[in-house]
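**Q**
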Amino acid sequence: MSWRNALRNSFGEQQRFMLLLIAPAVTLLVLFQAVPIFIGGSASFRDWMLTNPKKTWVGLAQYISVLTDPAFLEIVLPNTFLFMFASVTISLAFGMALALALNRPFRAQKVVQTILLLPLMVAPVIAAIMMRWMFNDQFGIVNVVLETLGGEPRAWLVDRWSAFAIIVLTDCWLWIPWFALLLLAGLQSLPKSPFEAAAIDGTTPWRVFRHLTVPMLRPVIIVCIVIRSIDAFRTFDIVWALTGGGPARQTELFSIYAYETAFVFLDFGKGSAAAITGGLIILVVGLLLYRILDHVRKVSL
Amino acid sequence: MSEIVLTKLNKHYGGMHHAVRNIDLTIGDKEFITLVGPSGCGKSTTLRMIAGLEEITSGEIRIGGTLVNHLPPRDRDVAMVFQNYALYQHMSVFDNLAFGLRNKKVPEAEIKKAIRNAADILGLGELMQRKPRQLSGGQQQRVALGRCIVRNPKVFLFDEPLSNLDAKLRIQMRVEIKRLRARVPTTSVFVTHDQVEAMTLGDRVVVMKDGYIQQCGTPLQVYGEPANKFVAGFIGSPSMNFFEVGIHAQDGELIAQTPFLRARVSERYKAALAAWNGRTVILGVRPEHLRVNASDVDPIGKVEIEVIEQLGSEILLETRAGDLSMTVARVNPQLPVAAGDVIQLSVPSDQLHFFDPETESAIR
Numbered sequence: 406m407s408w409r410n411a412l413r414n415s416f417g418e419q420q421r422f423m424l425l426l427i428a429p430a431v432t433l434l435v436l437f438q439a440v441p442i443f444i445g446g447s448a449s450f451r452d453w454m455l456t457n458p459k460k461t462w463v464g465l466a467q468y469i470s471v472l473t474d475p476a477f478l479e480i481v482l483p484n485t486f487l488f489m490f491a492s493v494t495i496s497l498a499f500g501m502a503l504a505l506a507l508n509r510p511f512r513a514q515k516v517v518q519t520i521l522l523l524p525l526m527v528a529p530v531i532a533a534i535m536m537r538w539m540f541n542d543q544f545g546i547v548n549v550v551l552e553t554l555g556g557e558p559r560a561w562l563v564d565r566w567s568a569f570a571i572i573v574l575t576d577c578w579l580w581i582p583w584f585a586l587l588l589l590a591g592l593q594s595l596p597k598s599p600f601e602a603a604a605i606d607g608t609t610p611w612r613v614f615r616h617l618t619v620p621m622l623r624p625v626i627i628v629c630i631v632i633r634s635i636d637a638f639r640t641f642d643i644v645w646a647l648t649g650g651g652p653a654r655q656t657e658l659f660s661i662y663a664y665e666t667a668f669v670f671l672d673f674g675k676g677s678a679a680a681i682t683g684g685l686i687i688l689v690v691g692l693l694l695y696r697i698l699d700h701v702r703k704v705s706l
Numbered sequence: 053m054s055e056i057v058l059t060k061l062n063k064h065y066g067g068m069h070h071a072v073r074n075i076d077l078t079i080g081d082k083e084f085i086t087l088v089g090p091s092g093c094g095k096s097t098t099l100r101m102i103a104g105l106e107e108i109t110s111g112e113i114r115i116g117g118t119l120v121n122h123l124p125p126r127d128r129d130v131a132m133v134f135q136n137y138a139l140y141q142h143m144s145v146f147d148n149l150a151f152g153l154r155n156k157k158v159p160e161a162e163i164k165k166a167i168r169n170a171a172d173i174l175g176l177g178e179l180m181q182r183k184p185r186q187l188s189g190g191q192q193q194r195v196a197l198g199r200c201i202v203r204n205p206k207v208f209l210f211d212e213p214l215s216n217l218d219a220k221l222r223i224q225m226r227v228e229i230k231r232l233r234a235r236v237p238t239t240s241v242f243v244t245h246d247q248v249e250a251m252t253l254g255d256r257v258v259v260m261k262d263g264y265i266q267q268c269g270t271p272l273q274v275y276g277e278p279a280n281k282f283v284a285g286f287i288g289s290p291s292m293n294f295f296e297v298g299i300h301a302q303d304g305e306l307i308a309q310t311p312f313l314r315a316r317v318s319e320r321y322k323a324a325l326a327a328w329n330g331r332t333v334i335l336g337v338r339p340e341h342l343r344v345n346a347s348d349v350d351p352i353g354k355v356e357i358e359v360i361e362q363l364g365s366e367i368l369l370e371t372r373a374g375d376l377s378m379t380v381a382r383v384n385p386q387l388p389v390a391a392g393d394v395i396q397l398s399v400p401s402d403q404l405h406f407f408d409p410e411t412e413s414a415i416r
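Protein chains in written order, with my numbering: chain A, 406 to 706; chain B, 53 to 416.
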């Protein structure tokens, strides 16, 4: 009973109640997050393959192997950043356009809003499979349409850049509604009178957008960009379902690289090292992004 | 010339709410009009329709002879000051002032000149590089005024611009707006719910209620000759006292009488009130017209003092006679009175107001 007494002595009643409330969450977090991360971290310093499960300690050798891997440096990292940049920029632009269009009242506004939000409810894997069939070179609807319009059918997923474009397209399709939803909420929370003042001041719609809407919406935009960038960095499912990283690893993103190394080539050591490297990269990128965008916001205020 | 003419102006919100009803109003060139009334009376809606921020359900608005019904706000050449200032928070004061001119692609040199001029008038010189949230409420409202001045529009519109300021600042800004008016005479419409602002600023005061214009006249007209009971009660502070009185003829005079009060009708109202002989009307007396224990004017009755409010410059008395309660203002602060005292009230008979109990319009 001594630990009970110790608990009672060191914490007040309210604190003990709070500890009780967070205990389940902490337990789950430790068991399913902290422990696996620790195991993964430990594995990244070992030579651990399914064919050679001795788990010899090798220090930073696995990290060096990842960072000197031409596939990682020349394909995976550029791909990941390019994907992140393209997906976030395009979704932000279209999401903003949609939000602006939805922000003015019109007939059937609610219906249109609901329909636009549907992609948010589609599982990414399903969306990816859908897209894969649409762009299938023999049976896909895209080629059919292209042919009726007099174009040449293409093997979309065989070429690196068209496959990459389809991945970005799928991701944008999934995430534009999310941007639209958040930006719309932001737009609707903006005070009306500066816009009325601008209307009376004779401001063109473009100047209103450029000098009022964007600056006033900046906090929301920053949060959207940071969240989505970090999220896009670890995209796995749609790439896996669309191309599996192919053709010939040409569309491989960082998460696919880590997964394949660990669970396809069964090199747990190197896979863990890749995963942790990626984790560190996105940590730095996320912080930098937040710093830069927040600085932009402060300067403009 | 920038005369504003409103003809049969109406505004419905949906099927039910009729915010503005058949407003006919002509605002002369360089005239300063105040729209006043309780909240929901349609004054702000009327202003916003003139600005073009609100669609017109029916009727016409002409500014300087041009029909503007379907013109967007930017083509009406009006400027507006908002209750919450509506400054562009992320821009400096200078950029706020320059924004409207840059919209019109005015050369920067001219913009600078216009802003320097406005800054001189409003004393904004040192604040140019500040952001609006670094300014006090009064300074922000001055910037908002400046934003209007630099554009040199045909019409100034004010939507309760002083309501967000504290009482002292409000009085200061009121004077400043008057001063501004003298330097930059422009046709102006000023919306307020404060009758003091309406009276002090307006060349003419438009009193509104339930979407209708109740009365439109100079401050002296709406105070001295209110068109109906609502205007009489709304204009003036403290509010006019009202009570029902019977009218009867006696010795060639008309007498307005209740069990507790009795007043002689002056020559001014005699003709109009003759028709009411033997019937009941509503009598209105302004608190400031009542005199205590005066010997030189007609006494109307005795009342008991319930509450005394000593203001230093005057005393306000809440008095009672039977079931009538009456407020008395402008009582000499040196007058030795105490709660419970019975005093004699009197009032010059030409300062009585009579209203039809049915329609509430003035009898005169």
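Don't be surprised by glycine CBs; every beta carbon is placed ideally from N, CA and C.
#1: Alpha carbon to alpha carbon, how far is residue 94 of chain B from residue 254 of chain B? Give it in angstroms, no decimals.
#2: Within the segment 483-528 of chain A, note down every full alpha helix (DSSP H) run reaching 4 residues or more, in order along the chain.
#3: Check whether the Cβ atoms of residue 344 of chain B and residue 404 of chain B sit closer than 8 Å, and answer yes or no.
#4: Is residue 260 of chain B buried or exposed, if buried means 16 or more other CB atoms sit within 10 Å of its CB?
#5: Answer yes or no: does any C-beta atom of chain B fall closer than 8 Å to that of residue 519 of chain A?
#6: Check for me: the beta strand (DSSP E) holding residue 576 of chain A runs from which residue to which?
#7: For residue 451 of chain A and residue 440 of chain A, what's the separation of their Cα atoms in angstroms?
#8: Measure from the alpha carbon of residue 642 of chain A to the alpha carbon of each residue in A:527, A:517, A:419 and A:454, then state which is nearest.
#9: If I measure Cβ to Cβ from residue 222 of chain B and keep anything under 6 Å in the same chain, skipping five residues before and after, which residues do I get?
#10: Identify whether residue 460 of chain A lies in helix, strand or coil by the three-state DSSP scheme.
#11: Do we get a CB-CB distance below 8 Å when we pair residue 66 of chain B with the residues of chain A?
#12: Residue 166 of chain B: buried (16+ other C-beta within 10 angstroms of its C-beta) or exposed?
#13: In the DSSP assignment, find the unbroken beta strand (DSSP E) run with residue 187 of chain B in it and report its ends.
#14: Closer than 8 Å, CB to CB, is residue 325 of chain B near chain A or not?
#15: Using a Cβ-Cβ cut-off of 8 Å (strictly less than) and excluding sequence neighbours within five positions of residue 136 of chain B, which residues of its own chain qualify?
#16: If you follow the alpha helix (DSSP H) that residue 265 of chain B is in, where does it begin and where does it stop?
#17: Which term fits residue 555 of chain A, buried or exposed, when burial requires 16 or more other beta carbons within 10 angstroms of its beta carbon?
#18: For residue 159 of chain B, is the classification buried or exposed, using 16 other Cβ atoms within 10 angstroms of its Cβ as the cut-off for buried?
#19: Between B:231, B:406 and B:270, which lies nearest to residue 298 of chain B when the distance is taken from Cα to Cα?
#20: At a CB-CB cut-off below 7 Å, which residues of chain B make contact with residue 452 of chain A?
#21: Under DSSP, the alpha helix (DSSP H) around residue 446 of chain A begins and ends at which residues?
#22: By how many angstroms is the C-alpha of residue 525 of chain A removed from the C-alpha of residue 542 of chain A?
#23: Mind pulling the chain A residues with CB within less than 8 Å of residue 126 of chain B?
#24: So with CB distances below 9 Å, who are the chain B contacts of residue 594 of chain A?
#25: Take residue 181 of chain B as the anchor and find which of B:319, B:203, B:147 and B:207 has the nearest alpha-carbon.
#26: With a threshold of 8 Å between beta carbons, is residue 349 of chain B in contact with chain A?
#27: Return the chain-ordered list of same chain residues with a C-beta closer than 7 Å to the C-beta of residue 268 of chain B, the five sequence neighbours on each side being excluded.
#28: Would you grab the beta carbon distance between residue 247 of chain B and residue 88 of chain B for me? Rounded to a whole angstrom, and I think it's under 8 Å.
#29: Does the count of Cβ pairs from the segment 611-628 of chain A and the segment 563-574 of chain A closer than 8 Å reach three?
#30: How many angstroms separate the CA atom of residue 470 of chain A from the CA atom of residue 447 of chain A?
#31: Residues bridged to residue 298 of chain B by DSSP?
#32: Could you check the C-alpha separation between residue 408 of chain A and residue 686 of chain A for me, to the nearest Å?
#33: So residue 132 of chain B contacts chain A; which residues on that side make the cut at Cβ distance below 8 Å?
#34: For a test of the three-state rule: what should DSSP assign to residue 550 of chain A, helix, strand or coil?
**A** Judging by the given coordinates:
#1: 18 Å
#2: Along the segment 483-528 of chain A, the alpha helix (DSSP H) occurs as fully enclosed runs of 4 or more residues at 514-526, listed in sequence order.
#3: no
#4: buried
#5: no
#6: Going by DSSP, residue 576 of chain A is part of no beta strand (DSSP E) but of the alpha helix (DSSP H) stretching over 565-594.
#7: 17 Å
#8: A:527
#9: 214
#10: strand
#11: no
#12: buried
#13: Run containing residue 187 of chain B: none; DSSP gives neither H nor E here.
#14: Cβ-Cβ to chain A under 8 Å: no for residue 325 of chain B.
#15: For residue 136 of chain B, where only same-chain residues beyond five positions count, the Cβ hits under 8 Å are 216.
#16: Unbroken run through residue 265 of chain B is the beta strand (DSSP E), 264-269; no alpha helix (DSSP H).
#17: exposed
#18: Taking all protein chains shown into account, residue 159 of chain B has fewer than 16 neighbouring C-beta atoms within 10 Å of its C-beta and is therefore exposed.
#19: When only C-alpha atoms are compared, the closest one is B:406.
#20: Ordered by position in chain B, no residue passes the 7 Å Cβ test against residue 452 of chain A, which lies about 56 Å from the chain.
#21: Residue 446 of chain A: member of the alpha helix (DSSP H) spanning 440-448, first to last residue.
#22: 27 Å
#23: 604, 605, 606, 607 and 608
#24: None at all; the shortest Cβ gap to chain B is about 14 Å.
#25: B:147
#26: At least 8 Å separates the CB of residue 349 of chain B from every CB of chain A.
#27: Cβ within range, chain order: 77, 256 and 258.
#28: 6 Å
#29: The answer is no - the segment 563-574 of chain A does not touch the segment 611-628 of chain A, with fewer than three Cβ pairs under 8 Å.
#30: 16 Å
#31: Beta-bridge pairing links residue 298 of chain B to B:309 and B:332.
#32: 42 Å
#33: 601, 602 and 605
#34: helix
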